[in-house]
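Engineer: Each protein sequence line maps, in turn, to chains Y, H, S and E. Per my numbering, the very first residue in the first sequence carries number -13; after that it's consecutive. Per my numbering, the very first residue in the second sequence carries number 5; after that it's consecutive. Per my numbering, the very first residue in the third sequence carries number -7; after that it's consecutive. Per my numbering, the very first residue in the fourth sequence carries number 913; after that it's consecutive. Note that CB positions come from ideal geometry on N, CA and C, so glycine has one too. Remember, predicted model here, so these are calculated numbers, not experimental data.
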Amino acid sequence: MITAERKPMEEILEYVRPCQRILLVGCNECVTVCAAGGRKEVGLLSSALQMAAMKEGRTLEVKEITLERQCDPEYVEELASQVGDAEAIVSMACGCGVQELARRYKSMRVYPAVNTKFMGASERQGVWAERCQGCGDCLLGITGGVCPIARCSKQLMNGPCGGSTKGKCEISQDVDCAWQLIWDRLKALGVEDRYEENIPAKDWRTGRGGGPRKIIREDLAQ
Amino acid sequence: MENFEPIIVAFCCHYCAYTAADMAGSKRLSYPPNVKIIKAPCSGKIDAIHIMQALQKGADGVYVAGCLEGDCHFKSGNTRAAQRVSYIKKLLEEIGIEGERVEMFTMSAGMGERFAEVATEFTEKIRKMGPNPIKRAAKAAC
Amino acid sequence: MKTDSLLEKIFASGQLALTSECGPPRGAAPDKVREKAELLRGCVDGVNVTDNQTAMVRMSSLAACIILKQMGLNPILQMVTRDRNRLALQSDVIGAYSHGIDTMICLSGDHPHFGDHPMAANVHDLDSVQFVNMVKNMRDDGKFQGGADIDTPPKMFIGAAANPFADPFELRVSRLAKKAKAGADFIQTQCIYNVDKFEKWMEGVRDRGLDKEIYIMAGITPMKSAGMAKYMKNKVPGMDVPDEMVKRMSGVPKEKQAEEGIKICLETMERLKGVKGVAGFHLMAIEWEHRVKEIVERAGLLPRPQF
Amino acid sequence: MQDQNISQSSSKVLVVGGGVGGIRTALDLAEAGRDVVLIEKSYSIGGLMTLLDRTFPTNNCDLCTISPHLSESGRDLHIELMTMTQIEKLEGSAGDFTVSLATQPRYIDLEKCTACGDCQRAFPDCVRFTPGLDHRAPTCMRYPQATPYAFSIDMEKCANPEELAKVCRSEAIIINDAPKMKDVKIGAIVLAPGAEVFDPSVLDGYCYGSEPDVVTSLEYERILSASGPTKGELVRPSDGKKPKKIAWIQCVGSRSVKEGCAPYCSSACCMFALKEAMVTRERFSKDNEIETTIFFMDMRTSWKDYELYLQRAKKDYGVRLVRSRPHNIFPDPETDMLAISYTTDASAAAQTEQFDMVVLATGFKVPQEMRDLAGKLGIELNEHSFAKTGSFDPVAASKPGVYVCGLFEAPKDIPETMVQASAAACNAARHVAQHKKAAEDPAELPPERDVTGEDPKIGVFICDCGFDIGGVIDVNRVVEAARFIPNVAASEMVGHGCSRESLERIADVIKEKGLNRVVIGGCSPRTHETLFQDTIRNAGINKYLVEMANLRDQDTWVHRDNPEAATQKAMELIRMAAGSVRLAHPLADNVFPVNKDVLVIGGGVAGMSSALSLADMGFKVYLTEKTGKLGGVAKNIHRNIEGDDVQKFMNDLIDIVQRHPNIEVITGSVVVDHSGIAGMFKTGLQIGPQMYYRAINHGVTIVATGALPNRPDEYLLGKNKAVVTQLDLDGIIETAPDKVKSWNSVAMIQCVGSRSPENPNCSRICCQSTVKNAIRIKTINPDANVYVLYRDMRTPGFLEDYYSKARAMGVIFARYEVDAKPIVEAEGDGIRIKFFDPILGRDVSAFVDCLALSTGLVADEEDTEELGMIFHLPRTTDNYFLEEHVKLRPVDLPIPGFFVAGSAHAPKSIRDSIAQAQAAAGRAQTFLARDAINLGAVVAHVDGNRCAACLICVRACPFGVPFINADGHSQIDADKCHGCGVCAAECPAKAIQLMRFEDDQLCAQIDALLYGALERMA
């Protein structure tokens, strides 16, 4: 899932200060699941923005709406009827959603209300951790299902650096040493020898190195 | 801000705080009429949005009152409520409104005195702080 | 001989090799480099020049190496993959070699988190093992990683680092094996204070015959004070300082602590000389270059062999 | 215990007496599925309690705490109510009685009478309907909530019946009405006829009757009462002036050998005197202009937390207490005040003090008619003409199948009466079969009107609740303001909203105006919501379309000092309730089958008695005991004060319990976890040394964990072998009488480790064990000196007889002040004790062979704490379990399906424990009689379309109820949902709503409250 986090209020306020009427759009996908941009957060932000405005002696009308997904044009279309006389759209979706709105509503100012963080999993209630960087060439098959690129601070592909202590990364006690995790898995699976294989330098073209990426499924594409 | 009468919303859980409020009644313990109670089955039911809305609509202070730690009728509702309250405090500070306008209190069903005491102290605290800033602005505007 | 590196010659001759370290200044004054380096003349076989160590910006390792070279010293170029992608790394490697720098160490580098540019992007296009392998291929196959031929490939004597003390311990030997397999000719270890653990590690190394594939230089850092001992023990990641050592340091009065530190370091070297597979010492006298000579002398390692 | 083989040929229970006790018994029996005939000799039920203004210790108005029960009993279909009716004769035997009932003419057809009042207006002198105006002789409608709600006629006074009959438009007046006889077949009888209050006019010296300002405590209640003669104004009957100094004289007609007086203690007087004094100070003495003084002999505040009440009276309310028994009151014509002369320990010389009013704390006595009744029924009475009952069978009369409760058993206070009422119900139920039914059979209810689609039409009804609401705020203004609230179609004031009259009025308005929502402005929904829900349901509206605004407990009671603000707040509370109810929609209750097994925790006398009662009724009982064997504290007691062999009783009881086919005894077991709700509980036990785990499914839980004998580190206890506790002494006397013979002197000290800062309450049992042991020592060794050093001798009821007996036998009772405790030193094999004797007025030093300390009981802190946490049951500050309502629900715990028995509730004698145990069983039975439990409608509901299946609810739920179902969205099953709403609050997609507390309803309340708050500025 894509995770995100509400932007500092001051930044959002900065965007909307010139407006009297805004449309605040949530997304019922990832950002709902990571409690950053679902109906509830939309409600909270809406109150906060209006209070902040009142405090500054302004009035701010906020129309709240939460789309099923902001990254699909069909859903984004649903906004068309709502936009009305709003002066700006504030999106609580990830970057994809914000851009999709901007693409569809060309004349509209579209502002992000969240910072899109990473692709992650929820470790427990209220805690999400990075798991994947979308390198486009998955190594998990040989690293015991733990990704050294997303989870090792130095993205080391051939084992732990000298800073690994008691299963933790040298940069912080809260960060697990990815290679400790990998090693534990390999042992558990009884494939320790896999560690011996030198993983060659990675070809980053499948990742960001290759510029903006696209997936085209010939069989589906229209 | 002479003769300023704060409006206080108290979200009370049924099993402890609301019962304590009734207890305060049967013991005839007086507290400021500024405090208006909204009942919920558990303090854990009180959504952060409700707290924000109350302030947005013009309450000067809001508190959530639940059972004592470890004594929540629903096990952990009160601790979740407390977490939410501290989250709201931060959010308020972010928009320049005193976080102290929102508090969490706990008490047992038998603590009528505590209910009255909390209601009184909180009201006085808010009275000292003055009206909800959004109202000051609203007034200045007109 | 793979290279013209003096270090390689000494290793080959079976004598204990000795290297030390020189951290470049945080400014453009060449004399700072010269002063430090001068103190090491004649008492070590090679001088590691660190590359933005602890992720702090300093004079580039390559530039400092050139200064040392000009002084007639024998610099060892340290390079980290943290700050450069493979294009930059390769260009610097050939650049260095063009100045006659024939020995280098391939590292991943401390995380920016520790330095004064925590906001900096963390390149890590390659990891240290991949880096070693890239330089090896440049030398032996005369090819850039992209596949193109190098006219006049850099004949680098390739070093790497190893920390026998970090976790998971059972990985530490095979970690070395990977570096050897990737083409490292020698390694310098993390400072050794816990000799027992180091010996345990060496045992593993010998069991796999790695001591035959790769020269191992034991890392030594004399402790200046009890304070430093505590700091190393608690603050430096992957450092293993036994309590006895801290006790021993704190045991003596402040003014005697420096001397005690040197005693410990000499005892350690003495003991390590006896450990099969130890091919030399890497003496990291951090901001203590002026005492290196004394230490080497007292360790009975002077004079240094000539070729 | 009465005979176990019980015949159940006839299916009804006769309950005699419509006071609180009788009503409770009738209700319990009806709820337990038994048919009940409730007879009351008076014109309407309610009894003595309805004459009271307020009850301790809550100082609430009774009318509101009891009226729901009255209307309940009026409504309940399984109770046939016969007023103005008495027993003529009784035939047959337990399980198969035939009783002849005689009903006096009311001259009014209850079916037709609408209580319009025309007849009374036309013929005031012969129509009885003057709600308690004449407090000396309360007549028909003694209080506003009278049930049945009808008039009656005094034909003697009626000159022209025909004329009278014409007045009535509904032709309800039957001038030729005549006494009726009726024979009813019944299985058992419960006698709850109450008692009468002592008439002090027989005592010369108190000028009662001649001096109007000398009143009885009951009359004083009427003066204070909102529905009383002075409409709740405190004034002197003589001149209508407000009194400044009021005195109470205790033990009038009780604890006295005077002609016409009773030797026993009337038990309740100390508390009601304190209450009257406190209420006087609280309600009528804003600036302390009224001084209240109580003349007493011993302050007998030994029931749960009553000692704290006594402290409150002294400290918080400044009630003055004088330990003395004045014998004379004489009017002083100068001051036209009343002079009382009295002596105190401090000064033997008589002092005189003047008062504006004197209240005589008159006790209870059995009226002649009771003796006749006993005769008719063939039951034995004790020497004081109260019903005789067994000391191990506290509510069983001498005749099988006949049970007693309340004042007729012994003088007592309301909670004890309630306990006995439920106990009697429990016993009586064994004699009659459950009728085939379902009390809450929907067929009995009118069809529910479908209001969906209709615009909200809200009716607002506001109680003045006598002085409690009307006395503080301007109810009319609130009513008027309500008219302007959107969607409000009707707004009116309804005197006591919970009265039968008002409930009918509300139902009528709903029908007339076609209302589909209702707001009640009154007391707390916690106590009265169900009542109003039933009311609107009976009016054909879904019961969840009513909302209560708590104008009393949370407004008028706490803002009486600021009526204007309170009135404003009332308007806001009404607006909020209206806002919320506007958005309410009809909901269906969630109903599930009841597990009929019972878990009893604690294998002491209370636990075993509860278990036995329920097992005898055929319920499967799991009886768990923490220790290795049954018995508890009682196992170590040899004799009770009546002298019965406790050991034999206990051994028999244990034997029966262990062999009972329906009881499974689980010793060495501790409760480790608990889940579920009443009717479907699941409790985990860890059993035996190997601690293996076992989960028990059950429908109700009875907590009978008892208390621990206290052993405080005082007076050398545990340090010197001559110092023992009363419990030890009981053993010594029983097992080593020779040792007792060898003693020259014995001393006993009361209140050791009780009534102290550490343990402020009274342990209740110590005084009687002291008297018990003192008498036994004197019996074995008449020459021994026995000193009892006490603070107040607390021997309520007939225990007073033993106290007198002990004094007669020469036991020396010397009172000590808490700040001048006796001094105890070791001396040889004995003890040297020094104390001040107030009678002799000097210090006394005595050598005693044995010092017995009355150490009482303390709650087992760890256990109650632990269980309290696991079951989420509240405790008192001294760690006893806190009951649902200290007055009217003494054995119900606040969590439905939980009941408490024995010393886990408060220190109790064996007899009291058994009574409460049977009561708990009786209450449990009412629950177990149902086949289904209603979980109400407050459950979380997921909107599948909105749900993002994020699992936040799954993780947040404290009970692990939500799960992601096959359709890929969260599902919350109503039968598992506890209704806390945590999931609703946390759901990031706002896909979950908690029924009755939906977000829009909460927001509506916020909006209503803060309407215009932004504009309206300081």
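With which residues is E:M1660 paired in a DSSP beta bridge?
Structural biologist: If you number the fourth sequence from 1, residue 1660 of chain E lands on position 748. DSSP, once it has assigned bridges, lists E:V1700 and E:A1764 as partnering E:M1660.
Engineer: Would you say the beta carbon of S:I150 comes nearer than 7 Å to a heavy atom of the ligand SAM?
Structural biologist: For the ligand SAM, the structure offers nothing, since it holds no ligand at all.
Engineer: When burial is assigned at 16 or more other CB atoms within 10 Å of the CB, is E:E1537 buried or exposed?
Structural biologist: Here the question's residue 1537 of chain E lines up with position 625 in the fourth sequence. By the 10 Å Cβ count, E:E1537 comes out buried.
Engineer: Against chain E, with Cβ distances strictly below 8 Å, would Y:Q111 count as a contact?
Structural biologist: The residue labelled residue 111 of chain Y in the question sits at position 125 within the first sequence. Yes, contact with chain E.
Engineer: Compare the beta carbon distance of E:C1177 and E:P1708 with 8 Å and say whether it is the shorter of the two.
Structural biologist: The sequence position of residue 1177 of chain E within the fourth sequence is 265, counting from 1. The sequence position of residue 1708 of chain E within the fourth sequence is 796, counting from 1. For the 8 Å CB-CB criterion, E:C1177 and E:P1708 form a contact.
Engineer: How is the beta strand (DSSP E) around E:T1536 delimited, first residue to last?
Structural biologist: Taking the fourth sequence and counting its residues from 1, the one referred to as residue 1536 of chain E is at position 624. Note, E:T1536: beta strand (DSSP E), V1533 to E1537.
Engineer: Closest Cβ-Cβ distance between E:I1876 and chain Y: below 8 Å?
Structural biologist: Start at 1 with the first residue of the fourth sequence, and residue 1876 of chain E comes out as number 964. Proximity of E:I1876 to chain Y, defined by a Cβ-Cβ separation below 8 Å, is not satisfied.
Engineer: Alpha carbon to alpha carbon, how far is E:E1082 from E:P1073?
Structural biologist: The count along the fourth sequence starts at 1 and reaches residue 1082 of chain E at position 170. The count along the fourth sequence starts at 1 and reaches residue 1073 of chain E at position 161. A quick correction: the sequence has Ser, not Glu, at residue 1082 of chain E. One C-alpha to the other measures close to 16 Å.
Engineer: What does H:I11 touch in chain E if you count any residue whose Cβ is under 8 Å from its own?
Structural biologist: Numbered from 1 along the second sequence, position 7 holds the residue referred to as residue 11 of chain H. Result: L1921, L1922 and A1925.
Engineer: Are the beta-carbon atoms of E:M1211 and E:L1222 separated by less than 8 Å?
Structural biologist: Here the question's residue 1211 of chain E lines up with position 299 in the fourth sequence. Here the question's residue 1222 of chain E lines up with position 310 in the fourth sequence. Yes, they are a contact pair.
Engineer: Does the region 102 to 116 of chain H come into contact with the region 65 to 75 of chain H, if we say contact requires no fewer than three beta-carbon pairs (one atom in each stretch) closer than 8 Å?
Structural biologist: A contact exists between the region 102 to 116 of chain H and the region 65 to 75 of chain H.
Engineer: Whose CA, out of S:L(-2), S:A174, S:S217 and S:L258, lies closest to the CA of S:R240?
Structural biologist: On the third sequence, position 248 is the one that residue 240 of chain S refers to. Here the closest residue by C-alpha is S:S217.
Engineer: Return helix, strand or coil for E:I1087, following the three-state DSSP convention.
Structural biologist: Here residue 1087 of chain E is taken as the residue at index 175 of the fourth sequence, counted from 1. Three-state DSSP puts E:I1087 in coil, outside helix and strand.
Engineer: Could you check whether the region 1518 to 1530 of chain E touches the region 1391 to 1409 of chain E, counting it as contact only if at least three pairs of C-beta atoms, one from each stretch, sit closer than 8 Å?
Structural biologist: As far as the Cβ criterion goes, the region 1518 to 1530 of chain E does not touch the region 1391 to 1409 of chain E, which means the pair count is below three.
Engineer: Would Y:L142 count as contacting chain S if we go by Cβ distances under 8 Å?
Structural biologist: By one-based count along the first sequence, residue 142 of chain Y stands at place 156. At least one C-beta of chain S is nearer than 8 Å to the C-beta of Y:L142.
Engineer: Drop a sphere of 10 angstroms on the beta-carbon of E:I1326, count the other beta-carbons inside from all chains shown, and report buried for 16 or more, exposed for fewer.
Structural biologist: Residue 1326 of chain E sits at position 414 when you count from the first residue of the fourth sequence. Within a 10 Å sphere around the beta-carbon of E:I1326 sit 16 or more other beta-carbons, which makes this residue buried.
Engineer: Here's the rule: buried if 16 or more other CB atoms are within 10 angstroms of the residue's CB, otherwise exposed. What is H:N136?
Structural biologist: Stepping through the second sequence from its first residue, residue 136 of chain H is reached at position 132. Counting the other CB atoms within 10 Å of its CB gives H:N136 a total of 16 or more, which places it among the buried residues.
Engineer: Just to confirm before moving on: does the CB-CB distance between E:V1615 and E:G1543 stay below 8 Å?
Structural biologist: Start at 1 with the first residue of the fourth sequence, and residue 1615 of chain E comes out as number 703. Start at 1 with the first residue of the fourth sequence, and residue 1543 of chain E comes out as number 631. Going by C-beta atoms, E:V1615 is not nearer than 8 Å to E:G1543.
Engineer: Using the rule of at least 16 other Cβ atoms within 10 Å of the residue's Cβ for burial, across every protein chain shown, is E:D1116 buried or exposed?
Structural biologist: By 1-based counting over the fourth sequence, the position of residue 1116 of chain E is 204. Classification of E:D1116: exposed, given that the 10 Å Cβ count is below 16.
Engineer: Can you give me the start and stop residues for the alpha helix (DSSP H) that E:I1826 sits inside?
Structural biologist: On the fourth sequence, position 914 is the one that residue 1826 of chain E refers to. Run containing E:I1826: I1822 to L1840, per the alpha helix (DSSP H) assignment.
Engineer: In this structure, what does DSSP give as the bridge partners for E:R1754?
Structural biologist: The residue given as residue 1754 of chain E occupies position 842 in the fourth sequence. Paired residue(s): E:D1749.
Engineer: Could you tell me whether the Cβ of E:G1891 comes closer than 8 Å to any Cβ of chain H?
Structural biologist: To locate residue 1891 of chain E, count along the fourth sequence from 1; it is residue 979. Chain H, which has a Cβ nearer than 8 Å to the Cβ of E:G1891, makes this yes.
Engineer: The region 1432 to 1445 of chain E: which residues have C-beta closer than 9 Å to a C-beta of chain H, in chain order?
Structural biologist: C1435, S1436, P1437, R1438 and T1439
Engineer: Please state the DSSP three-state secondary structure of E:R1449.
Structural biologist: As a first step, residue 1449 of chain E must be located in the fourth sequence, where it is residue number 537. E:R1449: helix per DSSP, three-state reduction.
Engineer: Determine, using beta-carbon pairs with one atom in the region 1680 to 1696 of chain E and one in the region 1525 to 1534 of chain E, whether at least three such pairs fall under 8 Å.
Structural biologist: no
Engineer: What in chain Y is Cβ-close to E:C1899, meaning under 8 Å?
Structural biologist: Here residue 1899 of chain E corresponds to residue number 987 of the fourth sequence, with the count starting at 1. Under the 8 Å cutoff, chain Y gives K26.
Engineer: State yes or no: is the beta carbon of Y:G29 nearer than 8 Å to at least one beta carbon in chain H?
Structural biologist: As a first step, residue 29 of chain Y is located in the first sequence; it is residue number 43 there, counting from the start. Yes, Y:G29 lies at the interface with chain H (some Cβ there is under 8 Å from its Cβ).
Engineer: Using only CA atoms, which one of E:I991, E:G1318, E:D1362 and E:N1846 lies nearest to E:V932?
Structural biologist: If you number the fourth sequence from 1, residue 932 of chain E lands on position 20. Ranking E:I991, E:G1318, E:D1362 and E:N1846 by Cα distance to E:V932 puts E:G1318 first.
Engineer: Could you pull out every residue in the same chain whose Cβ sits closer than 7 Å to the Cβ of E:V1812, ignoring the five residues on either side in sequence?
Structural biologist: The residue labelled residue 1812 of chain E in the question sits at position 900 within the fourth sequence. Excluding sequence neighbours, E:V1812 sits near V1615, F1793, E1795, V1803, L1805 and A1832.
Engineer: Please confirm if E:C973 has its CB atom under 8 Å from at least one CB of chain H.
Structural biologist: Within the fourth sequence, residue 973 of chain E is the residue found at index 61, counting from 1. Per-residue confidence for E:C973 stands at a pLDDT of 44, beneath the threshold of 50, marking its modelled position as unreliable; the derived number appears in the next sentence. In terms of beta-carbon proximity, E:C973 stays away from the interface with chain H, with every pair separated by 8 Å or more.
Engineer: Return the residues of the region 26 to 39 of chain H that lie within a Cβ-Cβ distance of less than 7 Å from chain E, sorted by chain order.
Structural biologist: D26, A28, G29, S30, R32, L33, S34, Y35 and P37
Engineer: According to DSSP, E:M1405 sits in a beta bridge with which residue or residues?
Structural biologist: By one-based count along the fourth sequence, residue 1405 of chain E stands at place 493. In the DSSP output, where bridge partners are listed per residue, E:M1405 has E:I1374.
Engineer: Would you identify the three-state DSSP class for S:W193, choosing helix, strand or coil?
Structural biologist: For this step, residue 193 of chain S is matched to residue 201 along the third sequence. Reduced to three states, the DSSP call for S:W193 is helix.
Engineer: Can you tell which of E:K1455, E:G1452, E:R1232 and E:I1161 has its C-alpha closest to the C-alpha of E:P1238?
Structural biologist: Here residue 1238 of chain E refers to the residue found at position 326 when the fourth sequence is read from its first residue. Ranking E:K1455, E:G1452, E:R1232 and E:I1161 by Cα distance to E:P1238 puts E:I1161 first.
Engineer: Return the CA-CA distance between E:I1807 and H:S47, expressed in angstroms with no decimal places.
Structural biologist: The residue you call residue 1807 of chain E lines up with position 895 of the fourth sequence. The residue you call residue 47 of chain H lines up with position 43 of the second sequence. Going by the C-alpha atoms only, they are around 18 Å apart.
Engineer: Can you name, in chain order, every residue of its own chain whose Cβ lies under 8 Å from the Cβ of E:H1931, other than the five neighbours on each side?
Structural biologist: The question about residue 1931 of chain E has no answer, for chain E in this structure spans 913 to 1930.
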